[in-house]
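Colleague:
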Amino acid sequence: MTINRMPGIDRPMSSSISRRLFLAGASLAATAPTAFAQPALTQKPATPEALSVALDWFVNPDHAPLVVAKEAGFFKDAMLDVTLVAPADPNAPPKLVAAKEVDLAVSYQPQLHLLAEAGLPIVRIGTLVATPLNSLVALRNGPIKSIADLKGRKVGYSISGFEEAILGTMLQSAGLTIKDVTLVNVNFSLSPALLAKQVDAVIGAFRNFELNQMDLEKRPGIAFFPEEHGVPAYDELIYITHQQRLTDPRIRRFFEAIERASLYIVNHPKEAWAAFVRHEKGLDTELNRRAWRDTLPRFAMRPQALDRVRYVRFADYLYKLNLIGRQVPIDRYVVSLN
Numbered sequence: 019m020t021i022n023r024m025p026g027i028d029r030p031m032s033s034s035i036s037r038r039l040f041l042a043g044a045s046l047a048a049t050a051p052t053a054f055a056q057p058a059l060t061q062k063p064a065t066p067e068a069l070s071v072a073l074d075w076f077v078n079p080d081h082a083p084l085v086v087a088k089e090a091g092f093f094k095d096a097m098l099d100v101t102l103v104a105p106a107d108p109n110a111p112p113k114l115v116a117a118k119e120v121d122l123a124v125s126y127q128p129q130l131h132l133l134a135e136a137g138l139p140i141v142r143i144g145t146l147v148a149t150p151l152n153s154l155v156a157l158r159n160g161p162i163k164s165i166a167d168l169k170g171r172k173v174g175y176s177i178s179g180f181e182e183a184i185l186g187t188m189l190q191s192a193g194l195t196i197k198d199v200t201l202v203n204v205n206f207s208l209s210p211a212l213l214a215k216q217v218d219a220v221i222g223a224f225r226n227f228e229l230n231q232m233d234l235e236k237r238p239g240i241a242f243f244p245e246e247h248g249v250p251a252y253d254e255l256i257y258i259t260h261q262q263r264l265t266d267p268r269i270r271r272f273f274e275a276i277e278r279a280s281l282y283i284v285n286h287p288k289e290a291w292a293a294f295v296r297h298e299k300g301l302d303t304e305l306n307r308r309a310w311r312d313t314l315p316r317f318a319m320r321p322q323a324l325d326r327v328r329y330v331r332f333a334d335y336l337y338k339l340n341l342i343g344r345q346v347p348i349d350r351y352v353v354s355l356n
């Protein structure tokens with residue numbers, strides 16, 4: 019087993035992947051093509067150094083660069099012994115970073131701004147998934163053909179706050195307001211609630227999972243993307259660490275390995291998939307295979323790169339919606355180590 023789990027996490031892929039689930043054998047390098055010769059950019063120790071990474075949720079295709087870097091030996095080449103930790107509580111990873119109980123964590127850009135306002139000593143140091151995954155989903159054969167069709171309808175959600183806010187923005191783009199719909203808390207059971215017709219649409223569905231799951235159930239869905247309906251684009255999944263770890267040489271080597279893995283996935287998708295499913299029993303499923311295909315083009319090919327304007331713009335958006343009460347200077351919690 020190559021993944022450590024916190025107490026209470028022993029479950030297969032859930033029937034519904036939501037954005038706020040706040041939300042790992044032999045080395046493939048010996049049998050598959052080498053991605054490219056990676057120059058040594060940082061001095062490496064004589065023996066591998068331990069590095070812990072808390073995931074936002076249990077292992078799934080969203081974490082492909084991390085898993086492939088481990089299974090293909092890229093972390094080993096960087097003299098790192100990386101442990102991937104799946105949380106029992108999806109809200110825990112940022113707190114674990116703040117308490118220095120883990121070295122790094124996978125988190126969400128929208129969540130980052132709220133945590134910065136709360137005073138947690140965490141900082142974004144890289145990007146895993148560089149586009150939004152969140153979406154508004156309805157049944158393709160149902161009554162919702164456009165956002166305007168939501169008037170008078172029920173919309174399911176999992177977590178109040180951000181999901182309600184982006185729904186409000188999307189409704190605005192169609193001349194509606196949040197008062198024109200009835201909100202129903204479906205407790206993370208997004209697809210089941212939609213398929214059971216308890217609601218007419220759901221907000222917070224990950225487009226790379228929910229649509230595929232519905233298709234596999236022979237109940238295809240239609241998705242409306244927030245970034246196409248007034249919500250500023252953002253990085254769905256990011257890497258965070260403690261503010262005091264920014265000079266830790268392990269982190270630079272970590273990103274060298276992650277960049278190698280990201281490019282390897284693009285250059286050798288079949289071999290990368292084989293590495294991914296070898297990591298943990300139960301990963302080789304049709305849902306994961308489809309999600310892998312849909313997630314692949316969304317990974318950051320330059321994980322340390324930073325679009326500062328994007329983060330400022332999204333912080334402004336959250337402030338205008340009163341999701342944050344004050345704007346912490348971006349440079350305090352968003353950096354690039356390049």
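All residue numbers for the sequence shown refer to our numbering, where the first residue is 19 and numbers rise by one. Yeah, the Cβ is synthetic: ideal placement off N, Cα and C, and Gly gets one too. Here the structure is a predicted model, which is why all the values come from computation and not from measurement.
Could you give the first and the last residue of the continuous alpha helix (DSSP H) run that contains residue 175?
Modeller: Here residue 175 is taken as the residue at index 157 of the sequence shown, counted from 1. Residue 175 -> not in any alpha helix (DSSP H); beta strand (DSSP E) instead, spanning 172-175.
Colleague: For residue 86 and residue 283, I'd like the C-alpha separation in whole angstroms.
Modeller: Numbered from 1 along the sequence shown, position 68 holds the residue referred to as residue 86. Numbered from 1 along the sequence shown, position 265 holds the residue referred to as residue 283. Cα to Cα, the separation comes out at about 8 Å.
Colleague: Answer yes if the region 287-303 comes into contact with the region 129-140, meaning at least three C-beta pairs across the two stretches below 8 Å, and no otherwise.
Modeller: Counting Cβ pairs under 8 Å, fewer than three are found: no touch.
Colleague: Determine the burial state of residue 61: buried for a count of at least 16 other Cβ atoms within 10 Å of its Cβ, exposed for fewer.
Modeller: Taking the sequence shown and counting its residues from 1, one reaches residue 61 at position 43. Answer is exposed; the Cβ neighbour count stays below 16.
Colleague: Could you tell me which of 325, 112, 323 and 108 sits nearest to residue 136, measuring between CA atoms?
Modeller: Taking the first residue of the sequence shown as 1, we reach residue 136 at position 118. Closest option to residue 136, Cα to Cα, is 112.
Colleague: Is it a yes or a no for the region 220-233 touching the region 101-116, going by three-plus beta-carbon pairs under 8 Å?
Modeller: The region 220-233 vs the region 101-116: no contact.
Colleague: Around the C-beta of residue 178, are 16 or more other C-beta atoms found within 10 angstroms, so that it is buried, or is it exposed?
Modeller: Counting from 1 along the sequence shown, the entry for residue 178 is found at position 160. So residue 178 ends up on the exposed side.
Colleague: I'd like to check one pair, residue 145 with residue 321: are the Cβ atoms closer than 8 Å?
Modeller: For the purposes of this step, residue 321 is taken as the residue at position 303 of the sequence shown. For the purposes of this step, residue 145 is taken as the residue at position 127 of the sequence shown. Yes. Within cutoff.
Colleague: Please classify residue 118 as buried or exposed, where buried requires at least 16 other C-beta atoms within 10 Å of its C-beta.
Modeller: Position 100 of the sequence shown, counted from the start, is the residue given in the question as residue 118. Looking at its Cβ environment, which holds fewer than 16 other Cβ atoms inside 10 Å, residue 118 is exposed.
Colleague: Please classify residue 46 as buried or exposed, where buried requires at least 16 other C-beta atoms within 10 Å of its C-beta.
Modeller: Counting from 1 along the sequence shown, the entry for residue 46 is found at position 28. Any reading at residue 46 is ruled out, since the residue's pLDDT is 31, under 50, leaving its predicted position unreliable.
Colleague: Using 8 Å as the limit for Cβ to Cβ distance, is residue 193 near chain B?
Modeller: Annotation note: the requested chain B is absent from the structure, which comprises a single protein chain.
Colleague: Does residue 152 pass the burial test, meaning 16 or more other C-beta atoms within 10 Å, or should it be called exposed?
Modeller: Here residue 152 is taken as the residue at index 134 of the sequence shown, counted from 1. Flag for residue 152 reads buried.
Colleague: With DSSP as the reference, please indicate the residues paired to residue 239 in a beta bridge.
Modeller: Taking the sequence shown and counting its residues from 1, one reaches residue 239 at position 221. DSSP, once it has assigned bridges, lists 157 as partnering residue 239.
Colleague: Using DSSP's beta-bridge definition, name the partner residues of residue 144.
Modeller: The count along the sequence shown starts at 1 and reaches residue 144 at position 126. Its beta-bridge partners are 257.
Colleague: Considering only C-alpha positions, which residue in the set 344, 349, 318 and 281 is nearest to residue 92?
Modeller: Walking along the sequence shown from the start, residue 92 turns up at place 74. Here the closest residue by C-alpha is 281.
Colleague: Measure from the alpha carbon of residue 81 to the alpha carbon of each residue in 279, 286 and 337, then state which is nearest.
Modeller: Counting from 1 along the sequence shown, the entry for residue 81 is found at position 63. Selected option, being the one with the closest Cα: 279.
Colleague: Assuming residue 252 contacts residue 127 (C-beta within less than 8 Å), just tell me the rounded distance between them.
Modeller: Along the sequence shown, one-based indexing puts residue 252 at 234. Along the sequence shown, one-based indexing puts residue 127 at 109. Indeed, because the Cβ distance is near 5 Å, the residues count as touching under 8 Å.
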